[in-house]
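Here the structure is laid out as structure tokens; the discussion comes afterwards.
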Amino acid sequence: MALDKNGIAQRIAQELRDGWYVNLGIGIPTLVANYIPEGIEVEFQSENGVLGMGPFPFEGEEDADLINAGKQTITTMKGASFFDSATSFAMIRGQHVQLTVLGAMEVSENGDIANWKIPGKMVKGMGGAMDLVASADNIIVAMMHSNRAGVSKLLKACSLPLTGVGCVKKVVTDLAVLEIKTGAFHLLERAPGVSVEEIQAKTEGTLIVNGIIPEMSF
Amino acid sequence: MALDKNGIAQRIAQELRDGWYVNLGIGIPTLVANYIPEGIEVEFQSENGVLGMGPFPFEGEEDADLINAGKQTITTMKGASFFDSATSFAMIRGQHVQLTVLGAMEVSENGDIANWKIPGKMVKGMGGAMDLVASADNIIVAMMHSNRAGVSKLLKACSLPLTGVGCVKKVVTDLAVLEIKTGAFHLLERAPGVSVEEIQAKTEGTLIVNGIIPEMSF
Amino acid sequence: MNKVVNTVSEAVHGIKDNMTLMLGGFGLCGIPENSIAELVRKGISGLTCISNNAGVDDFGLGLLLQKKQIKKMISSYVGENDEFERQMLSGELEVDLIPQGSLAERCRAGGAGIPAFYTPAGFGTEVAEGKEVREFNGKPHILEHALHADYAIVKAWKGDTEGNLVFKATARNFNPMMAMAGKITIAEVEELVPAGTLKPNEIHTPGIFVQRIFQGARFEKRIEQRTTRTK
Amino acid sequence: MNKVVNTVSEAVHGIKDNMTLMLGGFGLCGIPENSIAELVRKGISGLTCISNNAGVDDFGLGLLLQKKQIKKMISSYVGENDEFERQMLSGELEVDLIPQGSLAERCRAGGAGIPAFYTPAGFGTEVAEGKEVREFNGKPHILEHALHADYAIVKAWKGDTEGNLVFKATARNFNPMMAMAGKITIAEVEELVPAGTLKPNEIHTPGIFVQRIFQGARFEKRIEQRTTRTK
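Residue numbers (our numbering), protein chains in the order written: chain A, 159 to 376; chain B, 159 to 376; chain C, 77 to 307; chain D, 77 to 307.
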């Protein structure tokens with residue numbers, strides 16, 4: 159059965175390593191914070207200027223001056239720090255953040271990503287996404303395998319304006335975990351009960367299936 | 159009579175304007191702080207990371223963590239701030255400092271300055287001088303008119319390695335106040351009792367003497 | 077060096093039609109709301125606004141957009157504003173979208189006398205069109221230029237009479253870099269204190285970057301996405 | 077994220093002959109004196125040291141110079157050190173002199189992922205030799221590249237177990253930028269406090285830039301130019 163958004167987040171959380179600083183994008187990536195594996199300590203950076211983000215505040219304890227990059231009210235953990243936007247992107251561009259998780263509209267088999275613009279229809283802007291994808295060594299895209307119209311989001315080439323080129327290394331969708339290398343999507347894991355055939359059918363880009371593909375385990 | 163170092167500093171202090179941020183170099187420039195005209199408020203920046211420098215501390219009140227760019231112990235005034243070296247030079251390079259006063263070994267008639275190196279003999283380094291002279295709109299050089307061997311320091315062309323090109327606008331020496339423009343030293347004022355002839359004799363570069371040259375007044 | 081002006085009207089004095097402004101803030105967090113209200117009241121138009129976001133329909137820069145006082149926006153993300161999207165898609169509003177990190181760095185560069193720098197952000201995208209590309213350490217980078225403004229308007233938590241500023245939490249965001257990059261920088265603060273009150277070690281923006289400072293009459297500090305958990 | 081190491085020996089573990097180090101400080105102010113002493117003790121040699129100054133004959137980096145452990149210095153001002161001048165003029169020591177502002181900005185650039193930037197400092201001088209010159213706004217600028225180091229060693233006033241740092245007065249100087257630019261950054265602090273003790277708003281260097289932190293056993297904090305006035 160395909161994963162829901164929480165399932166995707168939970169699977170991505172397994173990629174976390176002790177001691178990492180992590181930037182989580184808006185949407186599914188934000189949910190990753192709810193599934194940090196036991197015994198592992200990570201710290202969350204938000205590009206609007208905070209390191210050591212904590213959970214949402216209790217009602218009545220919201221602070222208008224304390225938000226994340228999604229403009230949501232947040233709290234901070236012990237050892238948190240605040241800084242300006244230039245310093246925040248110094249952390250990102252300077253590769254001090256070990257993992258970036260973000261959403262996408264399209265990902266191509268060579269690791270291109272598009273997530274900021276639909277010409278003539280929607281232009282919200284790239285926010286920090288272009289800096290994040292151009293800088294980070296370790297980028298995981300969290301998204302549904304197909305869009306609402308049922309069209310694959312894992313493509314031979316992106317059709318939408320790009321956010322970054324050749325930068326995505328791993329994609330976790332509701333159906334699968336895929337690694338991008340040698341110009342193709344390499345299938346690593348299937349969602350529980352989802353067949354290789356279904357993944358193949360819903361992947362427009364080149365899919366490499368090597369040997370037996372295990373199910374994700376939680 | 160030629161001015162002493164304090165006289166030079168006192169004359170330069172007359173150039174200060176209310177509300178200016180000022181960077182004073184090591185040596186004669188440091189003395190300028192002792193002669194701020196009445197009714198004028200200026201704030202001193204030191205490039206090692208302090209704005210709002212005050213006088214030297216009383217004996218026993220020195221703080222090893224509080225020094226100026228000459229490594230001397232200092233104090234701070236009300237409203238002072240500390241910052242890192244990158245921010246300090248952002249102030250300088252970004253032209254937020256209204257006046258820079260520094261010493262020189264040589265100045266040329268087109269505004270070049272040399273003050274950091276004597277090949278084969280002395281190489282102390284340029285410190286912040288190259289950033290200061292390349293950035294500041296308003297640079298005054300404070301120096302003796304001739305060196306210890308009696309050789310003019312106001313030259314047609316500098317013989318020593320340059321600190322900056324075409325950047326010095328004004329020079330105040332023990333003998334004169336001179337403006338640099340149109341590729342020449344323009345004599346503006348004489349030290350009390352010093353003749354135009356003496357200044358002419360001790361200036362190797364082109365000296366323009368236009369009309370009657372007044373004595374400096376203190 | 078006393079930088080205090082008594083009213084918001086005095087603070088924005090000199091801002092004229094068709095000027096370029098920088099405005100601090102991220103979303104509605106840390107925005108100079110008193111100054112924005114005054115610009116709306118004065119009806120200054122044809123403005124080019126450099127600001128990470130464009131407010132929401134009825135708050136922040138959205139208020140200036142409603143009145144069509146903005147000619148051009150230079151931002152990184154404008155996704156919370158229907159009127160913005162309408163004006164942009166209809167071509168009434170010029171928009172220059174810039175990666176957030178490049179926007180922050182370009183403002184800092186403007187204030188720091190760095191005319192241009194290389195960044196990997198945006199290579200291979202629309203953002204790189206017409207820009208020089210150069211490889212460093214085997215990785216392509218694009219050349220980005222400094223941004224400057226006639227006036228920068230920032231919002232701080234506390235400020236002293238000399239223009240020294242302290243920001244609170246994530247309301248800091250773009251404010252410090254924009255303070256550096258304005259020909260004239262106006263700071264509105266929640267609390268104006270005498271010089272000497274703020275510890276020199278804890279000042280975020282030294283007063284040298286600020287030309288005018290005033291205590292805002294009222295701060296709504298609206299929350300854009302109130303998000304809570306249950307006990 | 078606990079970054080605490082217990083001894084200076086553990087802190088400098090992994091620093092080997094011929095590596096490139098950044099060392100914070102301006103003159104003798106804000107230098108990591110415990111770590112320097114340990115490098116002297118361990119006899120690590122062939123070092124390239126990026127540091128604004130080179131200490132004095134018998135303190136700071138001067139101690140490493142005395143023992144000829146430094147192959148190359150990258151500095152802006154080295155005028156307080158006779159042994160330095162002797163080694164440089166004799167050719168025993170390579171020296172790369174850099175304008176102080178460019179040095180600071182190049183360290184920051186290294187930490188911030190900016191591979192290169194333009195600055196007016198040094199145009200028309202020896203410093204510009206071999207460097208690209210480009211005009212911006214009618215003024216010539218030179219291209220300067222980012223600096224990086226295998227290890228950056230900084231000194232802070234207070235630090236917490238997560239590596240967050242606060243500096244005191246002008247002992248801040250180059251320390252924050254160098255902390256950003258080290259592959260591994262070691263912070264020695266006068267006072268090590270538990271996480272949560274330092275206010276998030278008052279932290280100068282966020283812990284993300286620091287990999288190891290320890291409380292120095294002893295700080296001499298020598299004054300280079302004791303200057304006083306009389307009452």
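All C-beta atoms, glycine included, are put in the ideal place defined by N, C-alpha and C.
- The count of Cβ pairs closer than 8 Å, one atom from the region 262–271 of chain B and one from the region 197–209 of chain C, stays below three, leaving the stretches out of contact.
- Bridge partners of A:Pro319 according to DSSP: none are assigned.
- For D:Phe102, the number of other beta carbons within 10 angstroms of its own is at least 16, and it is reported as buried.
- C:Glu168 carries a coil assignment under DSSP once its states are collapsed to helix, strand and coil.
- The beta carbons of A:Gly286 and A:Glu205 sit about 4 Å from each other, so the pair counts as a contact at 8 Å.
- Secondary structure at C:Leu179: helix, using DSSP grouped into helix, strand and coil.
- Counting along the chain, the unbroken beta strand (DSSP E) around B:Lys339 starts and ends at 334–339.
- If you check the CB distance, D:Leu241 and D:Ala228 do not come in under 9 Å.
- Neighbours of D:Asp236 in chain A, taken as residues at a C-beta separation under 8 Å, are given in chain order as Gly237.
- Annotation for C:Pro216: no alpha helix (DSSP H) segment contains it, though the beta strand (DSSP E) segment containing it runs 215–221.
- Any Cβ of chain B closer than 9 Å to the Cβ of D:Met98 would place that residue at the interface, and such an atom is absent.
- Contact between A:Ala167 and A:Tyr193 holds: CB atoms are separated by about 6 Å, below the 8 Å threshold.
- In this structure, the CA atom of A:Ile232 is about 47 Å from the CA atom of D:Lys207.
- Between B:Ser304 and B:Ser310, the CB-CB gap stays under 9 Å.
- Non-local beta-carbon contacts of B:Thr321 in its own chain, meaning distances under 7 Å to residues more than five positions away in sequence, involve Ile271, Ala272, Asn273, Trp274, Met284, Ala287, Met288, Val291 in chain order.
- A distance below 8 Å between beta-carbons, with the five flanking residues on each side excluded, links C:Ala192 to the following residues of its chain, in chain order: Ala185, Leu219, Glu220, His221, Ala222.
- Going by DSSP, D:Phe199 is part of no beta strand (DSSP E) at all; its letter is neither H nor E.
- Residue contact with chain C for D:Pro270: absent (no Cβ-Cβ distance below 9 Å to any residue of chain C).
- Only those residues of the region 232–256 of chain B whose C-beta falls short of 7 Å from the nearest C-beta of chain C are listed: Thr234, Lys236, Gly237, Ala238, Ser239, Phe240, Phe241, Ala248, Met249, Arg251, Gly252, Gln253, His254.
- Contact check for C:Thr237 against B:Gly237 passes: the beta carbons are separated by less than 9 Å.
- Pairing D:Gly106 with B:Asp221 gives a Cβ-Cβ distance that is not under 9 Å.
- Per DSSP, the beta-bridge partners of A:Phe343 are A:Ile338, A:Leu365.
- In the three-state DSSP reduction, C:Tyr153 falls in the coil class, being neither helix nor strand.
- Residue state for C:Met256 is assigned as helix, using DSSP reduced to three classes.
- D:Leu241 is outside the set of residues whose beta carbon lies under 9 Å from a beta carbon in chain B.
- Legend: CB atoms of the region 293–321 of chain A lying less than 8 Å from CB atoms of chain C belong to residues Ser293, Pro319, Leu320, Thr321.
- The residue among B:Pro213, B:Val352, B:Ser239, B:Leu333 with its C-alpha nearest the C-alpha of C:Asn277 is B:Ser239.
- The region 255–275 of chain C and the region 176–185 of chain A do not touch, with fewer than 3 CB-CB distances between them shorter than 8 Å.
- Pairing D:Leu104 with D:Val132 gives a Cβ-Cβ distance under 9 Å.
- Distance from C:Met77 to B:Gly177 at the Cβ level is roughly 6 Å; contact confirmed, criterion being Cβ atoms closer than 8 Å.
- When DSSP states are grouped into helix, strand and coil, C:Ala192 belongs to the strand group.
- For A:Thr188, the enclosing alpha helix (DSSP H) begins and ends at 186–189.
- Sixteen is the threshold: since fewer than 16 other Cβ atoms of the shown chains lie within 10 Å of the Cβ of D:Gly90, the residue is exposed.
- Bounds of any beta strand (DSSP E) do not take in D:Val80, whose DSSP letter is neither H nor E.
- For C:Leu179, at least one C-beta of chain A is nearer than 9 Å to its own C-beta.
- Rounded to the nearest whole angstrom, the CA to CA distance from C:Val81 to C:Val265 is 12 Å.
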